[in-house]
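Before any comments, here is the structure.
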Amino acid sequence: MLLRQLARTMPRPTPWSGRTPRFSPAPTRSLNTVPRCPSPTCDCAETPKMPEGLPIDYDGKLSGLISNYAEQVLICTGRNDWPSRIEEENSGDNLAADLKELLGRGGIYSDPFHNISVLNSSFPPSISRRPEVQSTSTYLLPSFKYVPFLPRVSFEAVQALVKGYLLPEKLHPMNDGLPQIHKDRLVRKEAYQHLLPGVRDVEDVLVLICGHSSRDMRCGVMGPVLQAEFEAQLPQAGFEVLHGPMLNESVSAPALPGTDIIAGRMPPTARVGLISHIGGHKFAGNNSTGNAHPLAGHGVWYGRIEPKHVEGVVQETILRGNIIADHFRGAIKQNREIIRPQWVLPVFIFAASAGVAYLYRRQSASPDDDVINTSTFSPFKIIRREQVSPTAFIITLRPSAWVAPQDLELGRTGEDNGQTGFLSNRIQQAWNHGLWSVEIKQPQLQIARHYTPLPPLPPPAGLEPDEQADLRFLIRKMDSGEMSNYLSRQRVGDTLWLRGPHLGFDVLRRLGNDGSATKSDACGPKSIVFLAGGTGVAPALQSAHKVLDGANYNDGGGSRPHVSILWANRWGADTLGREQSPIQRKPSNWFRFWGVDSSSNPKATQEQTRGELECSLALQIRELKRRHPSHFDISYFVDNEGSFIEAHNIKAALASTISSTASSARGSSSSLKIDRSCTWHSQKAVELLPNDNDFERSSSSDFTCACTYTPETETETSGPSPGVNLVGVSGPDGFIEVYAGPKRWHDGNEMQGTIRGLLGKIQDEGHRAGDWLVLKL
């Protein structure tokens, strides 16, 4: 059953309740129809085999088989199946039992002319800021209301739901003979609505599929398959499928700017869930839809839906607002009027064209048709997911419009689906710049976090690196991380929403390379030392990719900078690319983390080592060392092995990188005089920068470099491009604070702040303090 709230675009309907009279006149409003579901254009799941003796009824009458109800109460349980009688769950202590006690036969609010249908659903309930108070969430359909918190501590909240939302605003004429005191009790009272805070309109498409296996195994078999197929087809039509709770009060955040695709509109979203018994199990695969166009504010029921029909339902009913006649059971309007098939007439209007136009505008929001922009969030699909440790994984993303079905099949089986994914001028510009990130949105909580893409994988021998390849991100799931937990739940085929790219520090310009390698070589190459914590290795690898694999330097060996990475992790399993035999490993590793001691399990250790060898990031790091043995090194530090990045490690890295490039500087006698106001080379000036966007600063005359080289011999007429060595610190906030001091917030901007921490102490000791510029990423 598919329902969409578009009541905001409709005049508020006049409430109507009660059963449809037998000889009611046909409604003046007709619905668009197509005779049958179109054939699928893509590979879809096979129709599952039904339990023995329980075939699907393809011959019985389907039209008109719709329950006569005024309202459906959809209880969010977060589970996929329930007892045959849902009111018997938990020994009768549940919301369904409470509602049926009040509204069912013999209940104090029972009205035979105003039927309330109570169903369970698999949608998760909202999360309250007071977890100690047990509460439930409900959808009210076809009112298209969502009640996020219904406390279960007393019966008053249930009564408020009934009196404030479920009772009719006006009684059916058949109740005219009741005493006035009884009439008053059976009529809705809006004052009770204030007892249920946070009630809101439903803006998502709701796909409701009967999956009540305890009631009928046919739905238990067919329901999950249809659920998966809808979740696969809706993103193809431009919908963002949501999975988490609608509201999470443990994280408070306003709607993200840039979420709208067309000015004034939110991107279309959908939720797909299983529900309990709605009748018609023998027609397993039952649906109902409400959408834009002629179906605004309607709920439309379908039956005999198989996986091969899902694409047609999405395209015809959800997008175009058409009824598919051969699956149609009936419909209900938002004013509770039941519509049966004999009322549905084929009417040809421009509704279908309007639907296609809306989808086209949504997908073409970017004025230059690029797949990503810095203003609005764009859909990207996960085409590969690689678990690299118990808590870390790599996801590979490609714009949804560029994804073919075979890409997802290869990604689900773990096969290599190639690297060249799509064309984007903005992403190409970002790779040319060097350091950059994108925002990824968590749609349920309306929050976004910056993530740094890993460099493209090395190409096959003889080919140039392809920076138009798919985007890869190293993610670590943290118990307290809302965003990382959300990303960890996403699988191949799911859609993520990205905004960017956001360009960061210009590493080349700060090193002193302005695009002319010969000029920069006059005083020899500079060096980069990176202190990276956990997934903070991504910007370190971006920098290495830019200065070592880029075309900004000569291939003459010594012209390129030296890059040294000090990478800290909590567990040995996260040290991707570390070349160490299993015998050398200490017993405290990620197998012990999961309760297995690998010291007594050689097979587990061998599998761990083999898993690392197969990890794409480990191979990428080893390949970087192979191609640039004199210009790249990486050292590993592991908390649970007792190794940490300490002052002597940092000093050694600073000294070794200086000495490794010193030979290239021989013959140059120029010295650099750093201007304290220079935002490119002065530590004091960098500390006051409002952001890390060097790209914008490069095009501004306000941020020119005032540093100069002073020739120390008469033969030198001009100095090289000014540049300094760089120390980058990237990782969690706590990691950055320990090694470089915290960043500073001022006037809504996150500034670099004073260099403190371990690097601050090293600078205070005078250890080459003037040779290095510290950047916090």
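Read left to right, the sequence shown gives residues 1 to 777 (UniProt numbering). Every residue gets a Cβ at the ideal spot worked out from N, C-alpha and C, and that includes glycine. All values derive from a computational prediction rather than experimental measurement.
Item                                                                                                                                                                       : Value
Using 8 Å as the threshold, is the C-beta distance between Leu161 and Leu186 below it?                                                                                     : no
Taking DSSP as the reference, what is the three-state secondary structure of Leu195?                                                                                       : helix
Are at least three pairs of beta-carbons, each pair with one atom in the region 146 to 165 and one in the region 80 to 91, less than 8 Å apart?                            : no
Are the beta-carbon atoms belonging to Gly723 and Leu775 less than 8 Å from one another?                                                                                   : no
Between which two residues does the beta strand (DSSP E) carrying Ser730 extend?                                                                                           : Asn725 to Ser730
From the DSSP output, in three-state form, read off Lys441 for me.                                                                                                         : strand
Using 8 Å as the limit for Cβ to Cβ distance, is Ile395 near chain D?                                                                                                      : The question asks about chain D, but that chain is absent: this structure has only one protein chain.
Is the region 491 to 504 close to the region 429 to 442, with three or more CB pairs under 8 Å?                                                                            : yes
Tell me which residues share the same chain as Ser24 and place their Cβ nearer than 6 Å to its Cβ, disregarding the 5 neighbours each side in the sequence.                : At Ser24, the pLDDT of 34 sits below 50, so the modelled position is not reliable and the matter cannot be decided from this model.
What is the residue span of the beta strand (DSSP E) that Asn120 lies within?                                                                                              : Ile116 to Ser121
According to DSSP, simplified to helix, strand and coil, what is Cys76?                                                                                                    : strand
Distance, Cα to Cα, Ala706 vs Leu759?                                                                                                                                      : 26 Å
Considering only C-alpha positions, which residue in the set Ser559, His562, Leu548 and Leu576 is nearest to Val537?                                                       : Leu576
DSSP three-state label for Gly757, please.                                                                                                                                 : helix
Short of 8 Å in beta carbon distance, which residues of its chain neighbour Pro268, apart from the five on each side in sequence? Order them along the chain.              : Val205, Gly238, Phe239, Glu240 and Arg362
Is DSSP giving Trp772 helix, strand or coil here?                                                                                                                          : strand
For Glu623, count the other beta carbons within 10 Å of its own beta carbon; 16 or more makes it buried, fewer makes it exposed. Which is it?                              : exposed
What does a CB cutoff of less than 8 Å around Gln683 pick up in its chain, not counting 5 residues either side in sequence?                                                : Ile755, Leu773 and Val774
So, helix, strand or coil for Trp680, using DSSP?                                                                                                                          : coil
In this structure, how does DSSP classify Arg152 when only helix, strand and coil are distinguished?                                                                       : coil
Flag this pair as touching only if the region 469 to 476 and the region 557 to 568 have three or more C-beta atom pairs under 8 Å; answer yes or no.                       : no
Mapping the DSSP letters down to three states, classify Trp301 as helix, strand or coil.                                                                                   : strand
Helix, strand or coil for Arg340 per DSSP?                                                                                                                                 : Any reading at Arg340 needs caution, since the residue's pLDDT is 46, under 50, leaving its predicted position unreliable; the model's value is listed next. Correct three-state label for Arg340: coil.
When the Cα atoms are used, what is the spatial distance from Val158 to Glu203?                                                                                            : 24 Å
One question on the structure: do Pro307 and Thr47 come within less than 8 Å of each other, judged by their Cβ atoms?                                                      : yes
So, for Pro151: in the same chain, excluding its five sequence neighbours on each side, which residues have a beta-carbon less than 8 Å away from its beta-carbon?         : Val133, Gln134, Ser135 and Ala157
Assess, as a yes-or-no matter, whether the region 119 to 126 is touched by the region 168 to 182 under the definition of 3 or more beta carbon pairs within less than 8 Å. : no
Would Gly481 and Ala232 qualify as a contact pair, given that the criterion is a beta-carbon distance under 8 Å?                                                           : no
Just how far apart, CA to CA, sit Ile382 and Ile318?                                                                                                                       : 24 Å
Answer yes or no: do Tyr116 and Leu103 have a C-beta to C-beta separation smaller than 8 Å?                                                                                : As written in the sequence, residue 116 is Ile, which differs from the Tyr given in the question. Their beta carbons are under 8 Å apart, which means Ile116 touches Leu103 by this criterion.
With burial defined as no fewer than 16 other Cβ atoms inside 10 Å of the residue's Cβ, what is the status of Trp431: buried or exposed?                                   : buried
Going straight from the alpha carbon of Thr374 to that of Arg426, what length do you get?                                                                                  : 10 Å
Would Pro539 and Ser730 be called neighbours here (beta carbons separated by less than 8 Å)?                                                                               : yes
Is it buried or exposed for Phe230, if we count other Cβ within 10 angstroms and need 16 for buried?                                                                       : buried
So the candidates are Asp764, Pro732, Leu688 and Thr704; which of them puts its Cα closest to the Cα of Asn749?                                                            : Leu688
Can you tell me which of Asp43, Leu274, Leu511 and Ile475 puts its alpha carbon nearest to the alpha carbon of Trp680?                                                     : Leu511
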